[in-house]
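Read in order, the letters of the sequence shown correspond to residues 214 to 320 in our numbering. See below for the structure under consideration.
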Amino acid sequence: MGKLIYNSSNRELEIDDRTLAHLRIAIINKLRRSESFAMTWEHGVENGSGRTTLWLHESIPLQFVFSGNRHPKLNRLWIEQMLLSANSTAGLQHVPEPDEDEPFDAE
Numbered sequence: 214m215g216k217l218i219y220n221s222s223n224r225e226l227e228i229d230d231r232t233l234a235h236l237r238i239a240i241i242n243k244l245r246r247s248e249s250f251a252m253t254w255e256h257g258v259e260n261g262s263g264r265t266t267l268w269l270h271e272s273i274p275l276q277f278v279f280s281g282n283r284h285p286k287l288n289r290l291w292i293e294q295m296l297l298s299a300n301s302t303a304g305l306q307h308v309p310e311p312d313e314d315e316p317f318d319a320e
């Protein structure tokens, strides 16, 4: 499990490395264009349920900490769906990884 650490908070979001690698691309893509946005992440039952919402801004420190050293093959469609989610009023939320052969519906 990797970790997303935002600002100087001692609260870390635990996210599996594959998902974190895709989130990293989507988040960096938004922040390098100076686009702030909200991100909501559900903790899951194993972590006491609940959810966290962060306001992501380019001036606030952000770390992506991976537990493994392998770079996963990235799913372009999943990154695009994450970016669409980040552009919505609800902000970036977890979307399940699509099969790369699935047709992409941008609506």
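Positions of the beta carbon are idealized from the N, C-alpha and C atoms, including for glycine.
Measure the alpha-carbon distance for residue i versus residue j and round it to whole angstroms.
i: A319; j: S247; result: Unreliable positioning characterises A319 in this predicted model, as indicated by a pLDDT of 43, which lies under 50. The coordinate reading is nonetheless provided below. Rounded to whole angstroms, A319 to S247 spans 23 Å at the Cα level.
i: T253; j: W268; result: 9 Å
i: I241; j: D312; result: 23 Å
i: S272; j: G261; result: 30 Å
i: A239; j: M295; result: 6 Å
i: V308; j: R237; result: 14 Å
i: L297; j: K243; result: 11 Å
i: S221; j: Q276; result: 10 Å
i: E293; j: R283; result: 22 Å
i: G263; j: S280; result: 23 Å
Indicate whether residue i and residue j have their beta-carbon atoms separated by less than 8 Å.
i: I218; j: E227; result: no
i: E259; j: N288; result: no
i: P285; j: A234; result: yes
i: H256; j: T265; result: yes
i: L305; j: A299; result: yes
i: S249; j: H270; result: yes
Quick one: is residue i buried, meaning 16 or more other Cβ sit within 10 Å of its Cβ, or exposed?
i: A303; result: exposed
i: F317; result: Below a pLDDT of 50, predicted positions are generally treated as unreliable, and F317, at 47, falls in that range; the measurement from the model is reported next regardless. So F317 ends up on the exposed side.
i: D230; result: buried
i: G181; result: Because residue 181 is not part of the residues shown, which for the chain are 214 to 320, the question remains open.
Can you tell me where the beta strand (DSSP E) with residue i in it begins and where it stops?
i: M252; result: 250–255
i: T265; result: 264–269
i: I218; result: 215–219
i: L275; result: 275–278
Just to confirm the assignment, what range does the alpha helix (DSSP H) spanning residue i have?
i: I241; result: 230–244
i: A303; result: First-last for A303: undefined, no H or E at that position.
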